[in-house]
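Novice: Using our numbering, read the sequence shown as starting at 3 and increasing by one per residue.
By construction, the Cβ of each residue, glycine as well, lies at the ideal position given by its N, Cα and C atoms.
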Amino acid sequence: MKQVSLARRAARLAPTMPASSHEHAIPFDSGHGFPALFPDLTAAAEKALTTYRHETLQYGIRPGLPDLREWIAGAMNMDGANVTPDEIFVTNGAKQGIELVCRLLLDEGDSIVVTAPTYFTSIPIFRSFEADFIEVGQDKEGLDTNELAATLDRLKRDGRKMPKFVYNVPDFHNPTGVTMSRRRRKALLELASRHGMYVVEDSPYRKVRFEGTSEPSLKALDHSKNVLHLGTFSKLIAPGLRIGWVAGAQDLLARMIQLKADGGSSPLVQRIIVEWCKAGNLAAHTEKVQRTYRLHRDHMVAALQRELPEISLLVPEGGYYLWLTLPHGVDADELAKHAAEAGVTVLAGSKFYARVDRGNDVTPKKHMRLAYTHSSPEQIDDGIGRLAGALRRCGVSSGGAVTERAVAHSHPTIA
Ligand SMILES: Cc1ncc(COP(=O)(O)O)c(C=O)c1O
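Have a look at this one:
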């Protein structure tokens, strides 16, 4: 048959199936939950399949089950927001929420703002809509709103189009673990209002807090209805449920619902979730999640301090990840390969940068993301030991000196 050309978004993708993860490796690369934490949903599932069978085995209502939307609106309002059930749209996870926001807002050549680094799974979604990326740096207070303000002013001065939205993970950012300060949150919303952009608040980790106090969500501070908030049950209950939501202005959601090509999300899973939550299970479960992941985080930080004192990091107050800065001259991509050979999978920081047009050698190579959630404390000890061995193979001697071999193979790095 004559070769049919693929759509541009498909043609640039690899023609190979995603590599199966190293089956027996210790998984520090994934945002998976700790299997022993998954709750027993049997009673809720039984009720869903008996009492609610007529509803749960039927095609789903497109905006989502009214009971679940009401429960989500209530939970968000307890957290300082002011939303009605009509401002909640249930999706197949937050990732589908990201895709639907793009479907709603992006035409080819539109630009969006992301942090550098940003959530790596969102990058191919944005790219498939041919979005141009504007990267903004971040520090301990989160997205650098001064840099963003200067960038937006420059675009305006040059008569260029404004970005359609700013995508950010303000609570326990993926991958850096940073939580945005209140003044930066307010500054971001002020810029969005002034320049006519939406803010996409992707917030899967907000309740996974181990210590410290929460700042108000962007949605709670949003008086201009500029925020599209993405929520999910993946990180607190279980990612296999594939249920999340978008909270936003009703007129936007009405259009987004028409753009969700697969119809309503599974009513069976939604009913299981709402029955389980309404039975009062979530509060105690959330505490268990917080306790367990705090222990995992502390275990991983202690193991890193013991085995890899040459690595630096900021200890996050919650979330799933540690963002490491490697000793000068170590290439994280190379280290990730050595680590996989040693039986521990990690994600090199270079995967979290959206712009590919920086030129090959300036994408930061000195960072690495480790997830502490999926593995047990014993696996964490084992995995950090293996990672230390892999770092030695990259030419770093115990104590932090980089040997000539590592320097010779290193790439230039930027902060
Ligand atoms: C920032 C961020 N957004 C979204 C998701 C995915 O959420 P879901 O499982 O609901 O699609 C993740 C998961 O790792 C994430 O880190």
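Do M182 and E143 have their beta-carbon atoms positioned less than 8 Å apart in this structure?
Specialist: Yes, the Cβ-Cβ distance between E143 and M182 is below 8 Å.
Novice: Does at least one heavy atom of ligand 1 sit under 7 Å from the Cβ of P241?
Specialist: Indeed, a heavy atom of ligand 1 lies less than 7 Å from the Cβ.
Novice: Compute the Euclidean distance between the alpha carbons of D300 and Y374, then round it to the nearest angstrom.
Specialist: Straight-line Cα distance between these residues: approximately 9 Å.
Novice: Just mark K166 as buried or exposed, buried being the case when its beta carbon has 16 or more other beta carbons within 10 Å.
Specialist: K166 comes out buried.
Novice: Find out if the Cβ-Cβ distance for the pair A392, A344 is shorter than 8 Å.
Specialist: In contact: A392 and A344 (Cβ atoms closer than 8 Å).
Novice: Go through the residues and name those whose CB comes closer than 5 Å to any heavy atom of ligand 1, in chain order.
Specialist: Taken from the N-terminal end onward, the list reads G33, G95, A96, K97, Y121, V171, N176, D204, P206, T234, S236, P241, G246.
Novice: Suppose you measure from the CA of R64 to the CA of E149; what does that come to, to the nearest Å?
Specialist: Rounded to the nearest angstrom, the two C-alpha atoms are 40 Å apart.
Novice: Distance check for M19 and A9, CA to CA, integer angstroms please.
Specialist: C-alpha separation (whole angstroms): 18 Å.
Novice: If you draw a straight line from the C-alpha of R159 to the C-alpha of S205, how long is it?
Specialist: Taking the straight line from one Cα to the other gives about 33 Å.
Novice: From A50 to F235, what does the alpha carbon distance come to, in whole angstroms?
Specialist: Going by the C-alpha atoms only, they are around 18 Å apart.
Novice: Using 10 angstroms around the beta-carbon of G397, count the other beta-carbons present and answer buried if the total reaches 16, otherwise exposed.
Specialist: The residue is buried, with at least 16 neighbouring Cβ atoms inside 10 Å.
Novice: In three-state DSSP terms, what is I114?
Specialist: It is a strand residue.
Novice: Going by other Cβ atoms of all chains shown within 10 Å of its Cβ, with 16 needed for buried, is Q272 buried or exposed?
Specialist: Per the 10 Å Cβ criterion, buried.
Novice: Can at least three beta-carbon pairs, one atom from the segment 237 to 247 and one from the segment 190 to 204, be found at a separation below 8 Å?
Specialist: Not touching, per the Cβ criterion.
Novice: From the DSSP output, which residues share a beta bridge with W247?
Specialist: Bridge partners of W247: V92, G233.
Novice: Where does I416 sit, in a helix, a strand or coil, going by DSSP?
Specialist: Its pLDDT being 26, under 50, I416 is placed unreliably in this model, and the value from its coordinates should be taken loosely. Reduced to three states, the DSSP call for I416 is coil.
Novice: Locate the alpha helix (DSSP H) running through N84, then write down its first and last residues.
Specialist: Element bounds for N84: n/a, residue is neither H nor E.
Novice: Residues in the same chain with beta-carbon distance under 6 Å from Y355, minus the five sequence neighbours each way, listed in chain order, please.
Specialist: Contacts found: A118, P119, T365.
Novice: Pick out whichever of N176, L193, P17, P126 has its Cα sitting closest to the Cα of T147.
Specialist: Closest by alpha carbon: L193.
Novice: What residue range does the beta strand (DSSP E) around T327 cover?
Specialist: Segment 323 to 327, the beta strand (DSSP E) holding T327.
Novice: DSSP on H287, reduced to helix/strand/coil?
Specialist: Of the three classes helix, strand and coil, the one that applies to H287 here is helix, per DSSP.
Novice: Could you tell me how far apart the beta carbons of A46 and W278 are, in whole angstroms, since I believe they sit closer than 8 Å?
Specialist: That pair is a contact at about 4 Å.
Novice: Let me confirm a value: E89 is counted as buried when at least 16 other C-beta atoms fall within 10 Å, else exposed. Which label applies?
Specialist: Its Cβ being crowded by 16 or more others within 10 Å, E89 is buried.
Novice: Measuring CB atoms only, is the segment 245 to 254 touching the segment 83 to 100, in the sense that at least three cross pairs come out at less than 8 Å?
Specialist: Counting Cβ pairs under 8 Å, three or more are found: they touch.
Novice: Once the 5 residues before and after Y322 are set aside, which same chain residues still bring their CB inside 8 Å of it?
Specialist: Correct list, in chain order: G33, F174, N176, Y207, V210, K237, Y295, A373, Y374, T375.
Novice: Are the segment 212 to 228 and the segment 73 to 86 touching, with three or more C-beta to C-beta distances below 8 Å?
Specialist: Flag = yes, the segment 212 to 228 and the segment 73 to 86 touch.
Novice: Exposed or buried, G161, counting other C-beta atoms within 10 Å across all chains shown (16 or more means buried)?
Specialist: G161 comes out exposed.
Novice: Where does the unbroken alpha helix (DSSP H) through R196 begin, and where does it stop?
Specialist: R196 -> alpha helix (DSSP H) spans 184 to 197.
Novice: Tell me whether T93 is buried or exposed, calling it buried when 16 or more other Cβ atoms sit within 10 Å of its Cβ.
Specialist: T93 comes out buried.
Novice: Identify every residue that forms a DSSP beta bridge with T215.
Specialist: Looking at the DSSP assignment, T215 forms no beta bridge with any residue, so it has no partner.
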